[in-house]
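See structure below.
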Ligand code: 13P
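Residue numbers (this note's numbering): 341 to 590.
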């Protein structure tokens with residue numbers, strides 16, 4: 341496989357600046373000989389602190405969301421311009437917590453995706469089905485809709501800066517990981533959706549991560565699958581003891 345493995349830590353709403361700094365320092369130290377592509381996405385409040393620590397290393401700096409507008413009267417929102425000012429390189433968009441807890445729909449997510457790409461960010465677009473959707477046989481339909489609508493208006497050139505993260509909602513934070521076979525099937529299907537939209541070459545190049553209870557003891561089996569090109573890690577990214585073995589999976 342020519343695609344590079346990409347392991348990302350999504351810290352969600354955890355950690356003070358001091359805690360963030362200590363974890364980021366451990367990551368820098370222990371991943372300096374790491375062979376894959378890496379990202380850390382702290383809370384907005386930790387970005388500046390963590391950014392100073394990962395600057396110039398092999399760990400990219402990420403944010404977990406951005407506003408759909410560039411700037412203006414949007415109380416409580418954070419703009420792409422502000423993220424750029426902090427040195428953020430990658431923005432996670434469409435995370436299931438944004439979709440299902442904060443009610444972001446595909447149209448809003450698409451607006452954010454286009455804005456982030458226009459400003460030169462790499463985007464990790466998260467997709468994935470709810471348990472009831474899986475039970476109703478709708479995994480492919482959900483992956484297709486969220487991919488097609490999330491990428492509407494994204495050019496072929498911009499797609500080079502897009503990563504997809506397949507995160508089945510029922511597997512997030514539950515300790516229930518998708519089997520490598522089920523994750524690979526959903527991700528193979530999503531790659532076909534990309535092929536339909538952008539052609540076979542783009543589909544072969546795009547990185548598709550898996551997320552949902554990735555742990556040191558299941559990372560290697562997941563990433564051995566043809567269509568699983570990395571991991572978007574939540575809970576296990578909060579401690580070096582669990583994140584580093586995932587990031588250095590063999
Ligand atoms: P967990 O690894 O805690 O299941 O979270 C996955 C996730 O949502 C990463 O974005």
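For every residue, glycine included, the Cβ atom is placed at its ideal position computed from N, Cα and C. As the structure is a computational prediction, the values presented were derived from the model and not from experiment.
Verify whether the separation of the beta carbon atoms of residue i and residue j is less than 9 Å.
| i | j | result |
| --- | --- | --- |
| residue 368 | residue 393 | yes |
| residue 508 | residue 474 | yes |
| residue 433 | residue 387 | no |
| residue 357 | residue 397 | no |
| residue 522 | residue 548 | no |
| residue 402 | residue 431 | yes |
| residue 518 | residue 490 | no |
| residue 584 | residue 370 | yes |
| residue 408 | residue 452 | yes |
| residue 510 | residue 562 | no |
| residue 487 | residue 504 | yes |
| residue 404 | residue 419 | no |
| residue 363 | residue 580 | yes |
| residue 372 | residue 400 | no |
Over the uninterrupted alpha helix (DSSP H) stretch that includes residue i, give me the two end residues.
| i | result |
| --- | --- |
| residue 571 | Per DSSP, residue 571 belongs to no alpha helix (DSSP H); it is in the beta strand (DSSP E), 570-573. |
| residue 584 | 580-587 |
| residue 538 | 520-538 |
| residue 463 | Premise fails: residue 463 lies in the beta strand (DSSP E), 462-467, not in any alpha helix (DSSP H). |
| residue 547 | No alpha helix (DSSP H) holds residue 547; DSSP gives it neither H nor E. |
| residue 446 | 446-458 |
| residue 490 | 479-490 |
| residue 473 | 471-475 |
My understanding is that residue i touches residue j, with C-beta atoms under 8 Å, so please give their C-beta distance in whole angstroms.
| i | j | result |
| --- | --- | --- |
| residue 468 | residue 506 | 6 Å |
| residue 493 | residue 545 | Not really, about 20 Å apart at Cβ, beyond 8 Å. |
| residue 586 | residue 564 | About 14 Å separates the two Cβ atoms, so there is no contact after all. |
| residue 577 | residue 349 | 3 Å |
| residue 423 | residue 406 | 6 Å |
| residue 466 | residue 440 | Rounded, the Cβ-Cβ distance is 11 Å, inconsistent with contact. |
Could you please give the first and the last residue of the uninterrupted beta strand (DSSP E) stretch that includes residue i?
| i | result |
| --- | --- |
| residue 502 | 502-506 |
| residue 347 | 346-350 |
Ignoring anything shorter than 4 residues or poking outside the segment 376-403, list the alpha helix (DSSP H) runs there in chain order.
387-394
Unbroken stretches of the alpha helix (DSSP H), 4 residues or longer, contained in the segment 408-433
420-425
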